[in-house]
Amino acid sequence: MTTTVLIVDDSKLARLVAAKLLRQVKPDWDVVEAANADAAAAMVGERRIDVALLDFNMPGRDGLELAADLRAANPGMPIAVVSANIQDEIIARSRGVGATFLPKPLTEEALAGFVSGAALRLRRAAP
8 MTTTVLIVDD
18 SKLARLVAAK
28 LLRQVKPDWD
38 VVEAANADAA
48 AAMVGERRID
58 VALLDFNMPG
68 RDGLELAADL
78 RAANPGMPIA
88 VVSANIQDEI
98 IARSRGVGAT
108 FLPKPLTEEA
118 LAGFVSGAAL
128 RLRRAAP
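Numbering (the numbering used here), first residue to last: 8 to 134.
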């Protein structure tokens, strides 16, 4: 079964960069994208999403609100909040909803660390 990663960011460039890095780290994983929290929520309702990379600062609902919704619907989903807003409060709030915080600009090394943990978590959860 293929792992599907949802990348949510209002910046098309940021989504392209994240998708490119993800494909370098996990070329066998599928990548889907959404430009905002509402589009992401609709996508999650239509298909299985295994892992989520969420921008923090977006118009409408922010990445932390979306992370909380995703966590409520799927308690075991690996979620990362990605932001250039590197403040203790944002990092703590990310952890509070059970998400990993990754700083922007996203690096292959940071993403690889998150993805490695996500893959392990998904393997453990598989029946």
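Glycine included, C-beta positions come from ideal geometry on N, C-alpha and C.
Pairwise C-beta distances place the region 108-118 out of contact with the region 36-49, as fewer than three of them are shorter than 8 Å.
Just so you know, the alpha carbons of Pro85 and Lys19 end up roughly 22 Å apart.
Between the region 48-63 and the region 14-32 there are three or more C-beta pairs closer than 8 Å, enough to call the two in contact.
With a contact defined as Cβ atoms closer than 8 Å, Val88 and Gly70 qualify at about 5 Å. Contact between Leu29 and Val38 holds: their C-beta atoms lie close to 6 Å from each other, under 8 Å. The Cβ atoms of Leu129 and Asp57 lie closer than 7 Å to each other. A direct Cα-to-Cα measurement between Ala21 and Ala91 gives close to 11 Å. For Phe108, the enclosing beta strand (DSSP E) has its first and last residue at 107-110. In the displayed model, Ile56 falls within coil according to three-state DSSP, outside both helix and strand.
The beta carbon of Ser101 lies closer than 6 Å to those of Val88, Phe108 in the same chain, with the five residues before and after it left out.
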